[in-house]
Amino acid sequence: MAPLYRFIAFLWLLSPVFARADQPVIPISSGNSTVLIDHDLWFVQDTSNHLTIDQVQHPEIASKFQPAESPIPNFGYTSGSQHAHPVWLRFKLKNTSGQVLALFSEIDFWAFDELQLFITDGKQIRYNSPVYGWKTPLTDKMVYHRNYWFPFTLPAGMEVTCYVRAFKSRGVQVVPITIRPQGALDTFVLSDYAFWGGIFAIFLFVTVISLFFFLTTFDRIYAKYILCVIGLAGYFFINDGFLYQFFFGSQFRMPNRNVYFVFPLLLFFFQLLFVRSFLSLEKTPSRLWHRIATVALVGGVFCLVSLMAEWVLYVSPTVELILMRLFIVFYWLPMPLIWAFIVINLIRRYRTQEAWLYLVAVSPFYTLNFLIILCNFRILPTYAFLESYENYALAALFEVVVLTFGLAYRYKLIRDRNEQLNEERNHQLRLVYEAHVQGLQLKNESLHEKERIARDLHDNVGAQLSFIVNSLQQIGRQAEKQVFANTHQLSSQLRSVVDYTREAIKMLRDTIWAIHQESFTLEEFEDRINHYVSRYFQQLEPLQVSIRTEGTLAQPLTSVQALNMFRIMQEALHNVVKHAQATEVTVLLSAREDGSFQLSVSDNGNGLSWNNDESMENHYGLQNMKKRAEELGGHFRIYSDRGTVVEVAV
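Count the sequence shown with mature numbering (1 follows the signal peptide of the UniProt record, and there is no 0) and you get residues -21 to -1, 1 to 629, in order.
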């Protein structure tokens, strides 16, 4: 261990020698090459606030210059004018080409209170720029641009020492310096505007798309995402100096450049507001984090109020420092809370897919912001890629693209679910409508059925009952006139009345059977025909009635179909008994697979042929059969084929 201690002591003794080593000279050659002064800057802090260029060059002050701690000088946060001091930066250039070089010294940051460049060759001051700052109108600057550009020439072979005096009373003190050829200015400015124009155009496009998603779904997640995109656009619009360049007067609406904290502040709180909905923990066992996020949002309101309070309130330096620290805490608090929402959702498996999507989307942008926080607190050195807002813009663009695709997929799922719900609702409405139509149809069919039944009762049973009444009245009148005469005639008339009464009872029973149930099968219809034939035609000795069936007997019939088909069969059999002089009758009932069926009554008696409608005009029974068949939507015909055939096809 002793050799190690001696080595450390030796390095400590040599450290002043290294500190006092000469500052390296940066070679500048011809061409359009750009040189970033990222390692060879030395600095001294002006604690007296009154050092001049002559005093800075004095050996006593010059010996106090020391190398910058970061590749890009970063002197951390300052809370106010009473805590801030000017910083003098020094770097050396040498023209290694054989020609005069026209150069720009660009300070890629706009929010300085005072900024001035001096160039000396060791004997005299060759260049002394005006003092610029964030209150300097762009028309008073040498180049109409948000950054600071100091033009100078460097003769061939000449070595110069450049001094930059930078003063910033509030915020982060970062001084990125770049040497650019004057001939490359237009190209740089055009490419710069093209880059940022593309970034803002994409932000605008995403905002319009998200607005469309919101207006078509009214899902508040899209409204909050619009706020996030607007916050991102405002973040870059302010932090990269576009507000200063294009809306110069707006920056004075708040004291001490506080307007430049508005959109960066809103960005993180809009994203926290979005995450509280996108990765919601409100209805989970981890809902405490949701409440903490609510407290953080209230803290954001405090930050906004504090940005305006300086117009009307004066606070002591100590209170100002405390408020500044609180402001910084609340300013960055949304970032760890957002990470907490992501981690909790992944660990507890609440919204795993959304958490992974958001983690992938925001990791580049949040990582850069976290690293720059460490740099601003001087925990890490500030490298060029961390200082460039172009890198932040690309990371933000990646975030926006990934989240937009994710939210577009969410929109598709919502739309598909809504379409499915609409289809189900429309299907239910169709079912209700069809049921209503079917109910009306059944009601209409019921009315028609009642009408047919009433007509059937009126035409058959009613007519026979009327005949019975008239016959009984006539018999009564005859009995009054001739009490004991013509008893044989009266007996015959009474038997006729009894036959008509029986016939009326038969028809009434058949009608009651037909209307007793709503539907039948062909098998049940066949049973009814068998019952009818066996009961009323069995006593007719010379006439043999046979019943045959073909096809599927399970096919259903409505009561209307059954009653009409039964009446047609009745009328056909009665015609056979009355007119055909037949010995055999066949009733054939056939059903087909397509749902149609056919009834035919054929006999071996006198063959009659009915070729046209005129032949039925004087046959009431045949007209009724045809009418009943037509009411069923079927066809009726009667023809002679070794007898008479009555056929109904439905």
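Glycine is no exception: its CB is placed at the ideal position from the N, C-alpha and C atoms.
Rounded straight-line distance, which links the Cα of residue j to that of residue i
{"i": "Val185", "j": "Tyr201", "result": "11 Å"}
{"i": "Arg270", "j": "Gly10", "result": "59 Å"}
{"i": "Asp506", "j": "Glu413", "result": "34 Å"}
{"i": "Ser575", "j": "Leu522", "result": "30 Å"}
{"i": "Gly418", "j": "Ala628", "result": "27 Å"}
{"i": "Leu283", "j": "Trp311", "result": "14 Å"}
{"i": "Phe70", "j": "Tyr106", "result": "14 Å"}
{"i": "Leu400", "j": "Phe167", "result": "55 Å"}
{"i": "Val512", "j": "Val524", "result": "7 Å"}
{"i": "Ile307", "j": "Phe281", "result": "12 Å"}
{"i": "Val277", "j": "Phe240", "result": "17 Å"}
{"i": "Phe364", "j": "Asn370", "result": "7 Å"}
{"i": "Ser265", "j": "Arg304", "result": "29 Å"}
{"i": "Asn53", "j": "Ser108", "result": "23 Å"}
Buried or exposed (CB count within 10 angstroms, at least 16 for buried), residue i
{"i": "Gln549", "result": "buried"}
{"i": "Arg255", "result": "buried"}
{"i": "Ile301", "result": "exposed"}
{"i": "Pro313", "result": "buried"}
{"i": "Lys203", "result": "buried"}
{"i": "Glu593", "result": "Confidence in Glu593 is poor, its pLDDT being 49 and thus under 50, which makes the residue's placement unreliable; the coordinate value appears in the next sentence. It counts as exposed."}
{"i": "Tyr293", "result": "exposed"}
{"i": "Pro38", "result": "exposed"}
{"i": "Val341", "result": "buried"}
Residue interval of the alpha helix (DSSP H) (run including residue i)
{"i": "Val555", "result": "Where Val555 is concerned, there is no enclosing alpha helix (DSSP H), given that its DSSP letter is neither H nor E."}
{"i": "Ile16", "result": "Premise fails: Ile16 lies in the beta strand (DSSP E), Val14 to Ile16, not in any alpha helix (DSSP H)."}
{"i": "Lys605", "result": "Tyr599 to Glu610"}
{"i": "Leu96", "result": "It is not in any alpha helix (DSSP H) - Leu96 instead sits in the beta strand (DSSP E) that spans Glu93 to Thr99."}
{"i": "Gly10", "result": "It is not in any alpha helix (DSSP H) - Gly10 carries neither H nor E in the DSSP assignment."}
{"i": "Asn348", "result": "Thr331 to Asn355"}
{"i": "His614", "result": "Per DSSP, His614 belongs to no alpha helix (DSSP H); it is in the beta strand (DSSP E), His614 to Ser619."}
{"i": "Phe225", "result": "Phe221 to Phe225"}
{"i": "residue 630", "result": "Outside the displayed span of the chain (-21 to 629) sits residue 630, for which this structure offers no information."}
{"i": "Trp318", "result": "Pro313 to Arg327"}
{"i": "His269", "result": "Arg266 to Ala288"}
Own chain, CB closer than 8 Å to residue i, minus 5 neighbours either side, in chain order
{"i": "Ser229", "result": "Leu222 and Val238"}
{"i": "Gly622", "result": "Ala559, Ala561, Ser581, Asp582, Asn583, Gly584, Asn585 and Gly586"}
{"i": "Val208", "result": "Phe182, Val185, Thr186, Ser189 and Val379"}
{"i": "Leu94", "result": "Ile86, Val110, Tyr111, Gly112, Tyr127, Val143, Arg144, Ala145 and Phe146"}
{"i": "Trp335", "result": "Leu325"}
{"i": "Trp268", "result": "Leu260, Leu316, Ala319, Phe320 and Ile323"}
{"i": "Ile205", "result": "Thr186, Ser189, Leu190 and Phe193"}
Per DSSP, the bridge partner or partners of residue i
{"i": "Thr383", "result": "DSSP, once it has assigned bridges, lists no residue as partnering Thr383."}
{"i": "Trp81", "result": "In the sequence as displayed, the identity of residue 81 is Ala instead of Trp. Answer is Thr132, bridged to Ala81."}
{"i": "Arg255", "result": "Its beta-bridge partners do not exist; DSSP assigns none."}
{"i": "Glu529", "result": "Ser569"}
{"i": "Gly150", "result": "Thr57"}
{"i": "Thr157", "result": "Leu15 and Glu85"}
{"i": "Arg144", "result": "Trp67 and Gln95"}
{"i": "Pro46", "result": "Trp21"}
{"i": "Asn74", "result": "Ile7"}
7 Å CB neighbourhood of residue i in its chain, flanking five on each side removed
{"i": "residue 631", "result": "Any answer about residue 631 is impossible in this case: the structure gives the chain only from -21 up to 629."}
{"i": "Ile508", "result": "Ile526, Met548 and Val566"}
{"i": "Gly530", "result": "Ser569, Ala570 and Arg571"}
{"i": "Glu610", "result": "Asn543"}
{"i": "Gly279", "result": "Leu244, Phe248 and Phe309"}
{"i": "Asp198", "result": "Ile393"}
Cutoff 6 Å; reference residue i; Cβ partners in own chain excluding five residues on either side
{"i": "Arg357", "result": "Gly55"}
{"i": "Ser259", "result": "none"}
{"i": "Gln577", "result": "Ser569 and Ala628"}
{"i": "Phe192", "result": "Tyr201 and Tyr390"}
{"i": "Leu353", "result": "Leu359"}
{"i": "Gly210", "result": "Leu245, Leu246 and Phe249"}
{"i": "Asp81", "result": "Residue 81 is actually Ala in this sequence, not Asp. Once the five neighbours on either side are set aside, the close Cβ partners of Ala81 are Thr132 and Gln161."}
{"i": "Gly220", "result": "Trp89 and Arg125"}
The beta strand (DSSP E) enclosing residue i, as first and last residue numbers
{"i": "Ala570", "result": "Glu563 to Ala570"}
{"i": "Phe576", "result": "Phe576 to Asp582"}
{"i": "Asn107", "result": "Ile104 to Asn107"}
{"i": "Thr57", "result": "Asn53 to Thr57"}
{"i": "Glu626", "result": "Thr623 to Ala628"}
{"i": "Leu292", "result": "No beta strand (DSSP E) holds Leu292; DSSP gives it neither H nor E."}
{"i": "Thr537", "result": "Pro535 to Thr537"}
{"i": "Ser170", "result": "Careful: Ser170 lies outside any beta strand (DSSP E), inside the alpha helix (DSSP H) at Leu164 to Thr196."}
Short CB-CB distance (under 8 Å) between residue i and chain C
{"i": "Glu550", "result": "The question asks about chain C, but that chain is absent: this structure has only one protein chain."}
Proximity test, residue i beta-carbon vs the ligand FMN heavy atom, cut-off 7 Å
{"i": "Val339", "result": "Looking at this structure, you won't find the ligand FMN or any other ligand, since it has none at all."}
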